[in-house]
Structure formats: C-alpha cells, structure tokens
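What follows is a set of notes on a single structure, which appears directly below.
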Amino acid sequence: MDEIQRTLLKEVADLDALPVGAYNIRSNGAAAGRNSTANIEIVPKEDKPGIEIYIKPGTKKESVHIPVIITQTGLTDLVYNDFYIGEDCDVTIIAGCGIHNCGGELSQHDGIHTFYIGKNSKLRYVEKHYGSGDEVSKRVMNPTTIVHLDEGANMEMETTQIAGIDDTDRRTEGDLKAGAMLVVKEKILTTGVQKAKTYFNVDLNGEGCSANIISRSVAKENSWQHFDSRINGNAPCAGHSECDSIIMDHGCVTASPQLTANDIDASLIHEAAIGKIAGEQLMKLMTLGLTEKEAEEQIVNGFLK
Amino acid sequence: MLELKNVGFVADGEVEILKDVSLTINERFVAITGPNGGGKSTLAKLIAGIYEPTSGQILLDGVDITHMSITDRAKLGVSYAFQQPVRFKGLQVRDLIRLAAGRKITITEACNYLSEVGLCARDYIDREVNASLSGGELKRIEIAMVLARGTKLSVFDEPEAGIDLWSFQNLIHVFEKMYEETRGSILIISHQERILNIADKIVVIRDGEVTKYGTRDEILPELLESADAGNVACDVLTQKIK
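First to last, the sequence lines map onto chains A and B.
Residues 1 to 305 in my numbering are what the first sequence spells out, letter by letter.
Residues 306 to 547 in my numbering are what the second sequence spells out, letter by letter.
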C-alpha cells in the first residue's frame, strides 16, 4: 500500500494500520486484505463482486471495517455487500470509500449495501466518502443502503461526504418491523460545480417503530444538492425527518420531503430549513476577533461536525 | 480610555437614533441607563463596530476606531456581550469559549469560565449552543465568553436579563473579578438598581441624547426621585420604589 492509499484509508476509516477484528479492504476493485473472527465471517460473493458478512447471534462490542479505496483513473467499481446480523447483537460497522484521481479520466465507486438486522440487535453503521486529486479528473460515488430491521432492532447510520466528490446519487431505503428504530445522520458538503442527490425511503411497518432522518448540508460556490425523503407510516409509529442546509455563494439546494400516513396513529413530522449563514452569527464571532472568512469556516465546521 | 466625540447615528438614512453624544469613559464600572428606545443598545453597537456612526468620532486609548471593522476592534481590545445571544447549530460551548480566548485552552480553563458564571461546567462544556439552551443559560455563556477574552473594554447589553435573583450577586462578583484581572473598563447597559449601585459613573440616555452623566452619588438619587415622581427612568426602578 502506497502513501496515497494510506492517506485515503486514514480519511475514510480512521485507520493507520490494519484494524482489530474483522475487516475487508478493497483496493482498485480487488480484495487487498480480509480477516474473519470467531463471531464475524466475511466471505466473497460468487455470482457478483462483493462480500457477505455474517455476524453470529449474541455478538457484542465487536466491529467490522470494510473500506474501499481507489487510486486508478478510469476505473468503475461496483460492489454488492450484504450484512446478515443475527439476533441480540451490538456491533459497529465502519465502511467508507476514498477515491484519489488525477489521471484525467472518471473514477467511480457504486456500493450497494444491504443489511438484515436480527431481532433486538443494535448496529452502528459509519460511512464516510472522500475524494482527492486534481480538478479535471472526476470522482463519482453512488452509495445505496438498504436496511431491513426485524422486531426491536436498532440501527444508527452516520454518513458523511465532506470533500472531493464531483457527483453522487445516494439512496437509503429501509423497512422496519414492530419496535424497531432507525436513525440516520447525514452530512454533505459540496463545492465548485459538484452535484449531490440524496434520497430516502422508509417504510414504518410495525407497531411502535420509529425513524429519524437528519440531514445537514452545505452547498458552496456553484454546487447543487437535492434532498428527497419519503417516510411512510403504515402502522402506529413515529417518523421525523429534518433537512437543514446552508447555502453560500451561488449554491443551490432543493428539499423535497414527503410524508405519507396510512395509519391513524402514525405520527410524522418534517422540518426543512435552507438559508445563508445568519448575519448575527458572523457578527458574534467577529466580536471575538475572527475575520468574516474565519467566522464562516467555524460556523460551517460546527454545523457539519 | 474610551472617548466618544459628538457621535451621531441615523438609521436607514432617516431615523435619528443618537444625537451628538460625547462621553469619556475611564472608570472601572460605568452603567448606561435610561428609558427603552432611548438609544442605549445602539450606543453599545457603535462601540463594538456593529454600526458605524454617521457623524463624530470614537477613540480607544487615543486610537481612532470610528471606521474600524468589528474584527479589528475586537483585536484591539473591545468585547461585546449581546443583549440577545446568538445560537449556533453544531458549535459547542467549548468551541465558543476557545474562540473567545483566542488560543488553545485546556478543558479545565474553559470549565473555570463557566463555573464563574454559575454554570456546572461538566453539564455544559459539550452542549451545542442551539435552541436546547434557555435564554438565561445563553446569557451566562455570553458573559463567560467576555471573561475568556479578558480585554481592556467590555460592553454588556443588559447582562442581568434572564439571570435569576439568586445569582444576581454572583454576576456582580463576576464584574468585580473581571476588573481585577483586566484593569479595564466595564460598560454595562442596565435598568437594574443593583447594577447602578456598583457603578462608578452613570450615564442616562434619553431620546438619543446624554441627559445626565456623573458619579453614582450624583445621578442615582436623582434617578430614583424622578422615577418616583412618575418621570419614568425605567420600569424596574419604578416597581421597586412602589
């Protein structure tokens, strides 16, 4: 692994060395390292690119790292990763993709992740997308996340795209059984002429299940973002979505939330706010001695922290 | 020393808010009081650089800061606690304290500033400065930021608003300690008799003009008297006397 690959690995998975526990590292479309443990088994798919991850029931306090790195220009990488998490687990899965491209051609990673989360299991899923390289070489990432939560299962997903991705089409879909809970925290920053589309569809099918989708984004310069969320309350349930965006320069954000209540006891809420940084926020930080530009940076960093 | 020389301010090109204000402030505590809408907050904003005077001059230790930016004034030693503190989604209390201090500070230092203003540091240091904080909590954090800055001029716009009676004495203690550490001037806009009571000098601003300026002993009895006579200096004073 060279210096660029090591940097990408650090950015997307916070890894300086091989992780402890189970892992699968994919580099330029091929497996670069894999480790299974007593409770977590990782096997390659036979019919298509990707892996299957099996986590035994009752597995607690264990983690899986599955970073993807691409440094080859002109490569289009498509993977299907399926996660089977048994009942009563409490695990963390750290995914993420980093592309370094300065070869002039387009490099793309499409990751389709499907989760089957067993009864009363708890999953924290962290996903980070990062790009680096020159301005002419395009970097594209289209992550799809599909989650099936069984009764009483709980998933918290943190997904972040802070820099360097020219085009992204993010899709997150979920269905929840009784008592299940899904929390998604998404953070997106776009600059230049970057485009980001993010789509959520959540079906709240079981009694007492709940979903909370929180998206915070910043669109700078001439970048463009589209937020589209759909929460369908098909049972007595609670759904909440929130899209909070800061626009700067000539940035453009569209928020298109949709709520559908198919049950009299479905309680669904959406909040959306798009606007520039409030003048009084800038002023406050300037009274602390920051310049306007420094104040802007602090506000944006805090907002996406 | 802060000097205002014939300072005037006209809002939106037509409403005259301040007229020919001249003041020299070199004392520990100076309180600015007067009826609502008289121009007190505007004066504070002119000193902090949020507004620029339409006429006159403002000098800090002899340096003309009339047309200086908010940032440059802050760097020169002006601190300003807003009447209505600003909320920030995502920024934590510790971030604001660190930015106010202008350097990397330890958690213990940041916690000390919070304890000074009566907040249990452990509960607040990691809190986001968002809508989950009450008005009173935000006010205290605002004061803690000015403490962390420790500059030669600190301007507070109604710092007592939202602070409960129990901690009022602590607030006064905060101002006294701030003076011991900075040896600068503390300018407080207030309607509270107890704040006016610790002031070395009191400025009364009414209809955009300085109508009285003198020592506490000269001004306060007069103020209380005029409030009693129905010539309302401020509602709080009137209520107290009744």
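Where a beta carbon is used, it is the ideal one built from N, C-alpha and C, also for glycine.
Need the endpoints of the alpha helix (DSSP H) that residue i sits in, please.
i: B/T347; result: K345 to A353
i: B/R488; result: Segment: none, B/R488 is in no alpha helix (DSSP H) and carries neither H nor E.
i: B/L323; result: It is not in any alpha helix (DSSP H) - B/L323 instead sits in the beta strand (DSSP E) that spans V320 to I330.
i: A/C209; result: Run containing A/C209: none; DSSP gives neither H nor E here.
i: B/L452; result: G440 to R454
i: A/Q5; result: E3 to A13
i: B/L549; result: Because chain B here runs from 306 to 547, residue 549 of chain B falls outside it and cannot be looked at.
Going by Cα to Cα distance, which pick from the options is closest to residue i?
i: B/I337; options: B/K380, B/I446, B/V509 and B/L525; result: B/V509
i: A/T37; options: A/A295, A/D110, A/S63 and A/G104; result: A/S63
i: B/M306; options: B/E321, B/E357 and B/F334; result: B/F334
i: A/H270; options: A/L288, A/M248 and A/E242; result: A/E242
i: A/C209; options: A/R230, A/A180 and A/G233; result: A/A180
i: A/E87; options: A/D166, A/I55, A/V68 and A/V43; result: A/I55
i: B/A436; options: B/P390, B/L476 and B/E481; result: B/P390
i: A/G96; options: A/E11, A/K138 and A/L288; result: A/E11
i: A/N234; options: A/F200, A/G206 and A/W224; result: A/G206
i: A/M286; options: B/I355, B/K345, B/L365 and B/S420; result: B/I355
i: A/L290; options: B/N331, B/I330, B/G318 and B/A406; result: B/A406
i: B/L401; options: B/I468, B/D512, B/L443 and B/G343; result: B/L443
i: A/V193; options: A/D263, A/F303 and A/H250; result: A/H250
i: A/L288; options: B/A386, B/G367 and B/I507; result: B/A386
i: A/I117; options: A/T73, A/T198 and A/V147; result: A/V147
i: B/S360; options: B/D431, B/E433, B/L424 and B/G318; result: B/G318
i: A/E158; options: A/T145, A/F227 and A/D16; result: A/T145
i: B/N502; options: B/K482, B/L528 and B/D512; result: B/L528
i: A/G33; options: A/K45, A/V184, A/T59 and A/H65; result: A/H65
i: A/L106; options: A/V91, A/L15, A/T76 and A/D90; result: A/T76
i: A/S27; options: A/E46, A/V79, A/N39 and A/D47; result: A/V79
i: A/A261; options: A/P236, A/K276 and A/I277; result: A/P236
i: A/H129; options: A/S223, A/E221 and A/A163; result: A/A163
i: A/A30; options: A/K45, A/G21, A/L18 and A/I40; result: A/K45
i: B/K457; options: B/D369, B/G367 and B/I491; result: B/I491
Please report the residue range of the beta strand (DSSP E) in which residue i lies.
i: A/S308; result: Beyond the ends of chain A as shown, which are 1 and 305, falls residue 308 of chain A; an answer cannot be given.
i: A/E242; result: C237 to I247
i: B/T516; result: E514 to T520
i: B/V335; result: F334 to T338
i: B/R432; result: Here B/R432 belongs to no beta strand (DSSP E), and DSSP marks it neither H nor E.
i: A/Y23; result: A22 to S27
i: A/T254; result: C252 to A261
i: A/E105; result: Per DSSP, A/E105 belongs to no beta strand (DSSP E) and is neither H nor E.
i: A/Y54; result: G50 to I55
i: A/A30; result: A30 to N35
i: A/I40; result: I40 to P44
i: B/I500; result: Here B/I500 belongs to no beta strand (DSSP E); instead the alpha helix (DSSP H) covers E498 to L501.
i: B/G313; result: L307 to A316
i: B/S437; result: Careful: B/S437 lies outside any beta strand (DSSP E) and carries neither H nor E.
i: B/K457; result: Neither: B/K457 is in no beta strand (DSSP E) and is coded neither H nor E.
i: B/K506; result: K506 to R511
How about residue i and residue j: do their beta carbons lie closer than 7 Å?
i: A/A211; j: A/V202; result: yes
i: B/L328; j: B/I363; result: no
i: A/D82; j: A/T114; result: yes
i: B/G313; j: B/L323; result: yes
i: B/R454; j: B/S384; result: yes
i: A/I42; j: A/I53; result: yes
i: A/D167; j: A/V140; result: yes
i: A/P49; j: A/A13; result: no
i: B/F393; j: B/V434; result: yes
i: A/E173; j: A/R124; result: no
i: A/G239; j: A/I231; result: yes
i: A/G103; j: A/S132; result: no
i: B/A449; j: B/L419; result: yes
i: A/N120; j: A/G98; result: no
i: A/N71; j: A/Q5; result: Note that residue 71 of chain A corresponds to Thr in the displayed sequence, not to Asn. The answer is yes: Cβ separation under 7 Å.
i: B/K380; j: B/I494; result: no
i: A/G275; j: B/G395; result: no
i: A/T59; j: A/N35; result: no
Any heavy atom of the ligand FMN closer than 6 Å to the Cβ of residue i?
i: A/R170; result: Here there are no bound small molecules, and the ligand FMN is not part of this structure.
Check the Cβ of residue i against every Cβ in chain C and list those closer than 7 Å, keeping chain order.
i: A/L285; result: Here chain C cannot be found, since the structure's protein chains are A and B.
Stretch-stretch touch, CB-based, cutoff 8 Å, three pairs: the segment 516-526 of chain B with the segment 477-495 of chain B: At 8 Å Cβ cutoff, the stretches do not touch.
At least three beta-carbon pairs within less than 8 Å, the segment 280-288 of chain A to the segment 248-261 of chain A: The segment 280-288 of chain A is not in contact with the segment 248-261 of chain A.
3-residue-minimum beta strand (DSSP E) runs that sit fully inside the segment 124-206 of chain A, ordered along the chain: Taking only runs of at least 3 residues, the beta strand (DSSP E) segments lying wholly in the segment 124-206 of chain A are 139-141, 144-149, 154-163, 167-176, 181-190 and 195-204.
Uninterrupted alpha helix (DSSP H) stretches inside the segment 274-302 of chain A (no shorter than 4 residues): Correct list: 279-286.
Residue ranges of each alpha helix (DSSP H) within the segment 57-92 of chain A, 4 or longer: DSSP runs (the alpha helix (DSSP H)) wholly in the segment 57-92 of chain A: none.
Contained alpha helix (DSSP H) runs [length at least 4] in the segment 374-409 of chain B, N- to C-terminal order: Taking only runs of at least 4 residues, the alpha helix (DSSP H) segments lying wholly in the segment 374-409 of chain B are 375-381 and 398-406.
Stretch pair the segment 348-361 of chain B + the segment 289-299 of chain A: three plus CB contacts closer than 8 Å: Result no; under three Cβ-Cβ pairs closer than 8 Å.
Stretch-stretch touch, CB-based, cutoff 8 Å, three pairs: the segment 177-192 of chain A with the segment 210-224 of chain A: Because the criterion of three Cβ pairs below 8 Å is met, the segment 177-192 of chain A and the segment 210-224 of chain A touch.
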